[in-house]
Amino acid sequence: MPRLGLGTLRLAGFNGYGPPPNRARAREVLMRAVELGVRLIDTADAYGPDVVEELIADSLRPYPDDLVIATKGGQTRPSRLTWRPDGDPAHLRRACEASLRRLVLERIDLYQLHTFDSAVPFEETVGALAALRDEGKIRHVGLSNVPVEQLRRAQAIVPIVSVQNRLNLVDREDSVVDYCADHGIAYLCWFPLGRGDLVRPNRRIEAVARKHEATIAQVALAWLLARSVVTLPIPGTASPAHVEENMQALELRLDADDLESLEGVELEGRAALRRRARAAARRALHSTRHAAERLRSGKS
Ligand SMILES: NC(=O)c1ccc[n+]([C@@H]2O[C@H](COP(=O)([O-])OP(=O)(O)OC[C@H]3O[C@@H](n4cnc5c(N)ncnc54)[C@H](OP(=O)(O)O)[C@@H]3O)[C@@H](O)[C@H]2O)c1
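The sequence shown begins at 4 in my numbering and counts up one residue at a time.
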């Protein structure tokens with residue numbers, strides 16, 4: 004299987020909520036990805052919610068035999084702005100059965116726990132996934148947004164074949180990657196393009212891209228592929244042309260000089276994030292003051 008998948012959060016509406024703005028184009032993204040050799044499609048019942056799983060079935064059935072649809076359960080979408088963890092075993096069972104129906108599958112190849120729910124003992128949540136696996140509703144269990152300690156606890160209950168955590172040129176500190184490499188666990192990288200931030204002009208990434216006649220996105224993805232033998236980036240896109248561009252990252256080999264010059268991207272990225280956070284805090288303070296002044300002056 005190629006070590007690059009397709010993330011499908013972007014195929015729902017704004018902020019991963021509601022239907023896609025252009026359904027025909029969203030279908031084209033999925034079909035083009037499979038045509039180009041993508042064999043892992045990452046999704047979740049929460050994308051839409053429900054919308055993206057239905058879109059996948061509508062666009063890709065009959066599925067190629069070797070296509071892995073990796074969906075997730077354990078997180079709900081009460082609204083466009085909210086994501087709510089739900090690791091209750093009864094919820095997970097209902098969620099898995101609903102995903103099977105929407106995807107029109109008899110068994111889900113890879114079912115991932117979307118996130119940890121602090122209101123439910125973790126062992127009970129993982130126990131529910133083990134039961135679904137024993138019953139043949141899911142083939143393999145994966146976890147998302149986990150630290151090493153939790154991964155170990157889950158492994159004591161059921162074999163874990165994959166982890167899905169955030170990893171990219173800026174967010175590169177995740178000890179789970181090395182744990183996965185030591186234990187033969189696939190590591191699916193979410194936000195591999197920093198949610199689009201890493202495809203903005205950046206002199207360090209651009210210099211490496213120029214040297215290889217590649218694009219910034221391809222360099223960001225190639226860096227993840229070079230990070231460890233177990234990484235599998237899942238870039239998200241609503242553009243068939245970008246699927247094509249991203250797949251070509253599999254051909255790009257970064258050398259030691261490239262990796263060294265990309266070191267600075269992390270520090271610069273963190274500084275930019277801090278600047279953006281300070282600007283957002285200033286804007287929030289300004290709006291709060293403005294609202295307070297309007298209230299004091301009797302305007303609504
Ligand atoms: N487990 C979790 O908790 C979790 C959380 C978030 C995401 N995920 C998964 O991870 C996947 C990836 O995350 P993401 O989609 O949010 O962010 P991402 O892959 O880091 O970045 C997506 C952004 O990059 C742009 N892009 C993609 N390819 C490009 C290219 N070649 N050139 C220029 N721009 C490009 C896309 O715009 P265009 O549409 O214009 O291409 C989009 O704005 C998701 O789709 C989802 O499957 C999982």
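By construction, the Cβ of each residue, glycine as well, lies at the ideal position given by its N, Cα and C atoms.
Any non-hydrogen atom of ligand 1 closer than 7 Å to residue i Cβ
| i | result |
| --- | --- |
| Glu254 | no |
| Ser147 | yes |
| Asp53 | no |
| Thr234 | no |
| Arg3 | Outside the modelled stretch of the chain, which goes from 4 to 303, sits residue 3, for which no answer is possible. |
| Leu12 | yes |
| Ala225 | no |
| Glu248 | yes |
| Arg293 | Before going on, a small fix: residue 293 reads as His here, not Arg. No; taking the cut-off as 7 Å, the Cβ of His293 has no heavy atom of ligand 1 nearer than that. |
| Pro238 | yes |
| Arg198 | yes |
| Ala220 | yes |
| Thr118 | yes |
| Gln167 | yes |
| Asp45 | yes |
| Phe17 | no |
| Ala321 | Residue numbering for the chain in the displayed model covers 4 to 303; residue 321 lies beyond these limits and cannot be assessed. |
| Val202 | yes |
| His143 | no |
| Pro150 | no |
| His215 | no |
| Pro195 | yes |
| His94 | no |
| His186 | no |
| His289 | no |
Nearest-angstrom Cβ-Cβ length linking residue i and residue j, presumed shorter than 8 Å
| i | j | result |
| --- | --- | --- |
| Val180 | Ser231 | 5 Å |
| Ile72 | Glu126 | The Cβ separation is near 27 Å, so there is no contact. |
| Leu132 | Leu95 | 7 Å |
| Leu224 | Leu12 | Not a contact, Cβ separation roughly 17 Å. |
| Ile237 | Gly10 | 4 Å |
| Leu265 | Ile208 | 7 Å |
| Ile188 | Val233 | 7 Å |
| Val54 | Pro22 | 5 Å |
| Ile141 | Arg104 | Rounded, the Cβ-Cβ distance is 14 Å, inconsistent with contact. |
| Leu108 | His143 | In fact, because the Cβ distance is near 13 Å, the residues do not count as touching under 8 Å. |
| Cys99 | Leu135 | 5 Å |
| Pro92 | Gly130 | 7 Å |
Buried or exposed (CB count within 10 angstroms, at least 16 for buried), residue i
| i | result |
| --- | --- |
| Thr128 | buried |
| Asn168 | buried |
| Phe17 | exposed |
| Gly40 | exposed |
| Met250 | buried |
| Arg25 | Strictly speaking, residue 25 in this sequence is Asn, with Arg absent from that position. So Asn25 ends up on the exposed side. |
| Arg28 | exposed |
| Ala295 | exposed |
| Thr74 | buried |
| Ala49 | buried |
| Pro52 | buried |
| Gly267 | exposed |
| Ala36 | buried |
| Leu298 | exposed |
Cutoff 8 Å: residue i Cβ touching any chain D Cβ
| i | result |
| --- | --- |
| Arg285 | The structure shown has no chain D; it contains just one protein chain. |
* Touch check for the segment 145-153 and the segment 203-212: three-plus C-beta pairs under 8 Å? -> no
* Asked: Quick one: any contact between the segment 219-238 and the segment 155-164, if contact means 3 or more CB pairs under 8 Å?
  -> no
* Okay, do the segment 42-50 and the segment 264-271 touch, 3+ Cβ pairs below 8 Å being the bar? -> no
* For the segment 22-42 and the segment 238-248, state whether three or more C-beta atom pairs, one from each stretch, are separated by less than 8 Å. => yes
* Asked: Between the segment 177-197 and the segment 278-294, are three or more C-beta pairs nearer than 8 Å?
  -> no
* Asked: Is there contact between the segment 57-64 and the segment 86-93, where contact requires at least three CB pairs shorter than 8 Å?
  -> no
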